[in-house]
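To start, the structure under review is shown below, and the notes come after it.
Number of protein chains: 2
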Amino acid sequence: MVQKKNGPPQGDPPPDKAVEPKRRGRPRAYEPEVALGKALDLFRSTGFAATSLDDLSAATGMNRPSLYGAFGDKRELYIKSYQRYRDNARAVMGDVFSNDWPVRRQLEQIFATALDIYLSGEEGPRGCFTVMTAGSEAVADPDIRAMVQNALAELDKAFAHCFRRAKEKGELPADADPAVLARLASATIHSIAVRARARVPRQELEAIVAGAIDMMVGKR
Amino acid sequence: MVQKKNGPPQGDPPPDKAVEPKRRGRPRAYEPEVALGKALDLFRSTGFAATSLDDLSAATGMNRPSLYGAFGDKRELYIKSYQRYRDNARAVMGDVFSNDWPVRRQLEQIFATALDIYLSGEEGPRGCFTVMTAGSEAVADPDIRAMVQNALAELDKAFAHCFRRAKEKGELPADADPAVLARLASATIHSIAVRARARVPRQELEAIVAGAIDMMVGKR
DNA sequence: TGATTTTTATACTGTCCCGCATAATATAAG
DNA sequence: CTTATATTATGCGGGACAGTATAAAAATCA
């Protein structure tokens, strides 16, 4: 009996998402959602260590005290940015992963979507947040490392599911190993993410993807 | 007649490598080679932005002015560290790449050597300098980016050469594409480098490698 | 209107940072 | 022994940094 007092059993008022409940003090001058998006953009371009709170303040339009009030310190903001990135990536990639196309087409779509994510950015290609975080913060910070491990495992699993289904549908030979194919697909993702950061042109990345797909599901 | 005065034509004294030519002033208290090695170790663990000159000074045993005198500013030191890393990697991997074993065995050796490099480190696995630099400095710094691109291309080429030779020796089917296989091998390298940084255990990385080798040269 | 609450805006603190100026030290040459 | 040279050692200075204290502003409630 901790969470509920002896209140009436009728349903709680539904916690409407975007219904502002008439907040009391001075209204905020920012929308947390968009501010977090700006912070994410900046972290993706410059990484954790090279991004200062002043940069973040300028990018979000919030001054430092507001940043602290809304998101906590720099590390917490980084973590929340990463969560946001993952939520977004999951939403975008999830659609492609869960459709019912032939494997080849599905893979083409998955990698094309990944390339869109990695190559976007005004200040240059921003790569993959997971790969960049693995390189910088994951070794020393257990919480962040757990998130990275989770992201890596999730991608492996999504690909494995994809190949397993293709095998069941008879699109792959009987001796194909979905787990191995999945790790190879993930490796291709990691590789194009790294290369994107080095400004390797999209055309070249697409060639890498095409070759990898041929290897995984056979030449067209 | 710029380099040589009208001196006697007898052979110049051979520029012996490790023969100290009786330097003039106070002797250095450090060996540049080992100092650079220490700097490299530190950069590999913490990355560019998160490594301070004080850290470098402590690690190398040189105080800051000596660091500047010997290697230039922080960025130059980073670049020289990276060159050192590449020279070393080339030396170690070059041996394995240039032997004459069957592809499968050669690949096993290559990936095992890479894993040794990526998993070494007292403060945790240090991953691949190229991958880490791609994630951090390569986008914004043209010189460093050129080095990263070079490193990526060099690995691709080494693998391609390896597969081309295997194909000539009849170890691969006639329709095998060495370039595609090479990029897949490189991708596997990048992937285990990323995962190593996330402290994925070696056993798991070895499983990834084994699966990838099976895909590339056929199941044993 | 006046009190309360929540947020914004300014400014401060102590720390760390990079790069360099200066002085001290240790060797070789004259 | 004196001078020249090359390095080490100390420490300074301007600036950026993360985080916070304090004051001003803008809304609701009484």
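Just so you know, the protein sequences line up as chains H and U, in that order.
Its first residue numbered 1, the first sequence is counted upward by one per residue in our numbering.
Its first residue numbered 1001, the second sequence is counted upward by one per residue in our numbering.
C-beta atoms are modelled at their ideal positions from N, C-alpha and C, and glycine is treated no differently.
All values reported here derive from a predicted model rather than from experimental measurement.
When the options are compared against residue i, the one with the closest alpha-carbon
i               : options                               : result
V1092 (chain U) : U:A1182, U:G1170, U:A1112 and U:V1131 : U:A1112
C1128 (chain U) : U:A1187, U:P1027 and U:A1212          : U:A1187
V34 (chain H)   : H:G25, H:R26 and H:G61                : H:G61
I1208 (chain U) : U:V1217, U:G1218, U:R1195 and U:R1220 : U:R1195
G135 (chain H)  : U:H1190, U:Q1203 and U:I1144          : U:H1190
Y1118 (chain U) : U:A1089, U:S1057 and U:V1217          : U:A1089
L77 (chain H)   : H:N99, H:G94, H:G25 and H:K38         : H:K38
G124 (chain H)  : H:A29, H:I79, H:V200 and H:T130       : H:V200
P1142 (chain U) : U:S1045, U:S1120, U:E1031 and U:I1079 : U:I1079
R202 (chain H)  : H:S120, H:A49 and H:T51               : H:S120
R1044 (chain U) : H:P27, H:V139 and H:E154              : H:V139
L1042 (chain U) : U:A1058, U:A1029 and U:D1095          : U:A1058
P1173 (chain U) : U:L1056, U:M1215 and U:P1032          : U:M1215
E1171 (chain U) : U:L1155, U:K1219, U:G1211 and U:Q1109 : U:K1219
R1164 (chain U) : U:E1122, U:S1098 and U:D1055          : U:S1098
E1154 (chain U) : U:E1168, U:T1130 and U:K1169          : U:T1130
Residue-chain proximity (residue i, chain H), Cβ-Cβ < 9 Å
i               : result
P1027 (chain U) : no
E1033 (chain U) : no
I1110 (chain U) : no
P1015 (chain U) : Because the pLDDT at P1015 (chain U) is just 41, under 50, the model does not fix this residue reliably, and the value given afterwards should be weighed accordingly. False, the Cβ-Cβ gap to chain H never drops below 9 Å.
M1062 (chain U) : no
L1115 (chain U) : no
I1079 (chain U) : no
K1219 (chain U) : yes
Q1003 (chain U) : Confidence in Q1003 (chain U) is poor, its pLDDT being 33 and thus under 50, which makes the residue's placement too unreliable to answer from.
G1047 (chain U) : yes
Q1083 (chain U) : no
H1161 (chain U) : no
D1223 (chain U) : Nothing about residue 1223 (chain U) can be read from this structure; chain U reaches only from 1001 to 1220.
R1145 (chain U) : yes
N1006 (chain U) : Its pLDDT being 34, under 50, N1006 (chain U) is placed unreliably by the model, and nothing is read from it.
R1241 (chain U) : In this structure chain U extends from 1001 to 1220, so residue 1241 (chain U) is not present and cannot be described.
9 Å Cβ cutoff, residue i in contact with chain U
i              : result
R183 (chain H) : yes
M93 (chain H)  : no
E168 (chain H) : no
P125 (chain H) : yes
A58 (chain H)  : no
K74 (chain H)  : no
D214 (chain H) : yes
P9 (chain H)   : The predicted position of P9 (chain H) is uncertain, since its pLDDT is 36 and thus under 50; no value can be drawn from it.
A50 (chain H)  : yes
G211 (chain H) : yes
L152 (chain H) : yes
A18 (chain H)  : Caution applies to A18 (chain H), whose pLDDT of 49 falls short of 50 and renders its modelled position unreliable; the value that the coordinates give is listed next. No - not a single Cβ of chain U is within 9 Å of the one on A18 (chain H).
Q203 (chain H) : no
S191 (chain H) : yes
A138 (chain H) : yes
Opening and closing residue of the alpha helix (DSSP H) in which residue i lies
i               : result
N63 (chain H)   : Unbroken run through N63 (chain H): none, as it is neither H nor E.
A1182 (chain U) : P1178 to R1197
G135 (chain H)  : F129 to S136
P1222 (chain U) : A question about residue 1222 (chain U) goes unanswered here, because the residues of chain U that appear run from 1001 up to 1220.
S52 (chain H)   : Unbroken run through S52 (chain H): none, as it is neither H nor E.
V1217 (chain U) : R1202 to V1217
V139 (chain H)  : Neither: V139 (chain H) is in no alpha helix (DSSP H) and is coded neither H nor E.
N1099 (chain U) : Unbroken run through N1099 (chain U): none, as it is neither H nor E.
Residue i vs residue j beta-carbon contact at 9 Å
i               : j               : result
L1040 (chain U) : Y1068 (chain U) : no
G47 (chain H)   : M132 (chain H)  : yes
E1137 (chain U) : R1126 (chain U) : no
L1053 (chain U) : L1115 (chain U) : no
L152 (chain H)  : S81 (chain H)   : no
I1213 (chain U) : L1107 (chain U) : yes
Q1149 (chain U) : A198 (chain H)  : yes
A1166 (chain U) : V1096 (chain U) : no
A1232 (chain U) : A50 (chain H)   : Examination of residue 1232 (chain U) is not possible in this model, given that chain U is present from 1001 through 1220 alone.
- Task: Specify whether the region 171-178 of chain H and the region 63-82 of chain H touch according to this definition: at least 3 beta carbon pairs, one from each stretch, less than 8 Å apart.
- Result: no
- Message: Is it the case that the region 1096-1103 of chain U contacts the region 1065-1085 of chain U, given that we only count it when at least three CB pairs across the two stretches are under 8 Å?
- Response: no
- Message: Between the region 182-196 of chain H and the region 157-165 of chain H, can you find at least three pairs of beta-carbon atoms closer than 8 Å?
- Response: yes
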